[in-house]
Amino acid sequence: MTSPRDIHAYLAEFDDIPGTRVYTAKRARQGYQLNQFAMSLMKPENRERWKADEAAYLDDWKITPEQKQAVLDRDYNRLLDLGGNIYFLAKVFSTDGLSFLQAVSTMSGMSVEDYSAMMVAGGRSPEGVRSIKANAAGANAAASPADTKDVGDS
Amino acid sequence: MARITAGVATSHIPALGVAVDLGKTEEAYWTPAFAGYDWTKAWEAEQKPDVVILVYNDHASAFDMKIIPTFAIGCAEEYEPADEGWGPRQVPNVVGHPDLAWHIAQSLILDEFDMTIINEMTVDHGLTVPLSMMFGQPAAWPCKVIPIAVNVVTYPPPSGNRCWALGEAIARAVESFPDDLNVQVWGTGGMSHQLQGPRAGLINAPWDNDFLDGLVGDSDRLRHMPHIDYLREAGSEGIELVMWLIMRGSLGTSTRLLHRHYHVPASNTAVGHIVLEPT
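In order, the protein sequences belong to chains A and B.
For the first sequence, position 26 (counting from the first letter as 1) is numbered 26 according to my numbering, and the numbering increases by one without interruption.
For the second sequence, position 251 (counting from the first letter as 1) is numbered 251 according to my numbering, and the numbering increases by one without interruption.
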């Protein structure tokens with residue numbers, strides 16, 4: 001048996017990763033209707049209704065005003081904070097004709113070109129983005145600001 | 001008697017499937033990613049497995065939030081490719097092996113794994129891209145496939161240890177099936193990648209290669225790695241690597257390396273691929 005014995009400690013660690021929203025039960029509950037809305041866009045007839053009037057389509061779902069506005073704004077980081085999951089939200093940006101790479105770059109605060117260049121150069125280094133606490137503890141030491149400048153805390 | 005002859009693991013990157021489907025595999029960007037599968041394509045053509053037990057995760061295609069099985073096994077005759085929002089991939093239907101699948105399901109449940117049994121579902125890129133990487137573009141897939149779907153989206157996913165133990169139980173189930181079948185177990189997903197949030201684009205090549213090292217030989221250190229290590233080191237979607245441990249567990253106490261490939265980047269992710277045989 002190697003699973004954690006303390007579920008609270010297990011879950012608390014997920015809040016310590018910079019720029020990352022782990023899809024915990026809390027988020028799954030908060031975002032249930034939001035994610036099911038996104039899932040509905042897998043059907044062509046629903047996509048047509050959605051494109052015709054996004055706000056009206058959203059009124060059919062029991063989502064919060066904050067979630068509704070974030071969908072209309074295509075604010076994916078906000079949607080993740082409000083319980084969205086990226087695999088479900090992908091149905092929204094796919095309907096918009098965006099690729100994963102295009103959509104993902106918007107969450108990282110980079111242009112598509114800069115994000116693509118970063119990936120071609122080997123991707124984002126894990127240095128400086130492993131732990132919020134470790135970064136805070138090392139703030140007075142030799143932490144390099146360049147390592148974290150693109151990554152906000154969640 | 002059915003026997004597990006090899007284990008295969010690979011990333012299941014959607015863009016690789018798109019490159020195959022659109023005939024872009026010869027483009028300069030893609031050739032280094034695909035080159036690492038040439039060895040395996042030739043090897044699979046010789047091996048001619050009868051059945052592949054293919055461990056993958058559904059990406060909000062067949063399953064939504066209504067039902068979230070931790071471990072599910074496909075017992076259907078056939079599976080159609082899922083429409084992931086831009087129409088189904090134009091690849092052959094996946095043909096199952098219901099007799100072996102039901103046998104494994106029963107054996108696993110008696111072995112105290114509470115499997116969800118799936119008799120109807122579509123299969124998304126998580127399952128069809130690995131088939132394309134290993135078999136190219138045949139008119140029909142050259143083997144039968146038993147899908148095993150793992151929840152790695154909603155937390156907590158199963159522990160590495162539980163995945164390894166499931167692999168061991170799959171091996172026991174296969175060995176007790178009377179028909180003479182050449183069976184492979186494939187683990188798919190990973191390696192390091194993060195598709196969400198400001199930290200998107202994370203790639204950790206040294207960590208990925210250390211994970212590949214850990215699959216070879218007789219060490220079982222990977223089964224004890226906690227989820228948080230995958231998240232910190234391999235990105236939020238790097239957690240998919242726990243599915244590789246089901247493949248590894250099914251190969252028994254020790255493995256021998258037949259082939260290994262690693263390339264960065266393909267779309268947002270690292271490409272990892274390994275072929276092992278039990279010793």
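For every residue, glycine included, the Cβ atom is placed at its ideal position computed from N, Cα and C.
Taking C-beta atoms as the reference points, residue 87/A and residue 59/B count as a pair closer than 8 Å. A Cβ-Cβ separation of about 5 Å places residue 112/A in contact with residue 102/A under the 8 Å criterion. Within chain B, the residues placing a beta-carbon under 7 Å from that of residue 17/A are 231 and 232, ordered along the chain. Between residue 89/A and residue 139/A, the gap from beta carbon to beta carbon reaches 8 Å or more.
Residues of the stretch 78–92 of chain A with a Cβ closer than 8 Å to any Cβ of chain B, in chain order: 80, 85, 86, 87, 88, 90 and 91. Between the stretch 132–146 of chain B and the stretch 202–220 of chain B there are fewer than three inter-stretch CB-CB distances shorter than 8 Å, so the stretches are not counted as touching.
Taking residue 214/B as the centre and dropping the five residues before and after it, the same chain places the C-beta of 221 and 222 closer than 7 Å to its C-beta, in chain order. Partner residues in the beta bridge of residue 182/B, as assigned by DSSP, are 3/B. Against chain B, the CB of residue 101/A has a partner CB under 8 Å away; the residue lies at that interface.
Close to chain B, meaning a Cβ-Cβ distance shorter than 7 Å, is no residue of the stretch 48–69 of chain A at all.
The C-beta distance from residue 250/B to residue 170/B rounds to 5 Å, short enough to fall under 8 Å.
DSSP links residue 52/B through a beta bridge to 145/B and 184/B. Non-local beta-carbon contacts of residue 218/B in its own chain, meaning distances under 6 Å to residues more than five positions away in sequence, involve 253 and 254 in chain order. Per the coordinates, the alpha-carbon of residue 259/B lies some 11 Å from the alpha-carbon of residue 41/B. Contact annotation: residue 91/B and residue 128/B have beta-carbon atoms nearer than 8 Å. In the DSSP assignment, residue 278/B falls within the beta strand (DSSP E) that extends over 269–278. Restricting attention to 277/B, 273/B and 269/B, the CA atom closest to the CA of residue 100/A is found in 269/B. Of the candidates 70/B, 83/B and 190/B, 70/B places its Cα closest to the Cα of residue 154/B.
Under the Cβ criterion of 8 Å, residue 21/A is counted among the residues facing chain B. Apart from the 5 residues on each side of it in sequence, residue 27/A sits with its Cβ closer than 6 Å to the Cβ of 83 in its chain, given in chain order.
Secondary structure of residue 124/A (DSSP, three-state): strand. Spatial neighbours of residue 158/B in its own chain (CB-CB distance under 8 Å, excluding positions within 5 residues in sequence) are listed in chain order as 70, 71, 150, 151, 166 and 242.
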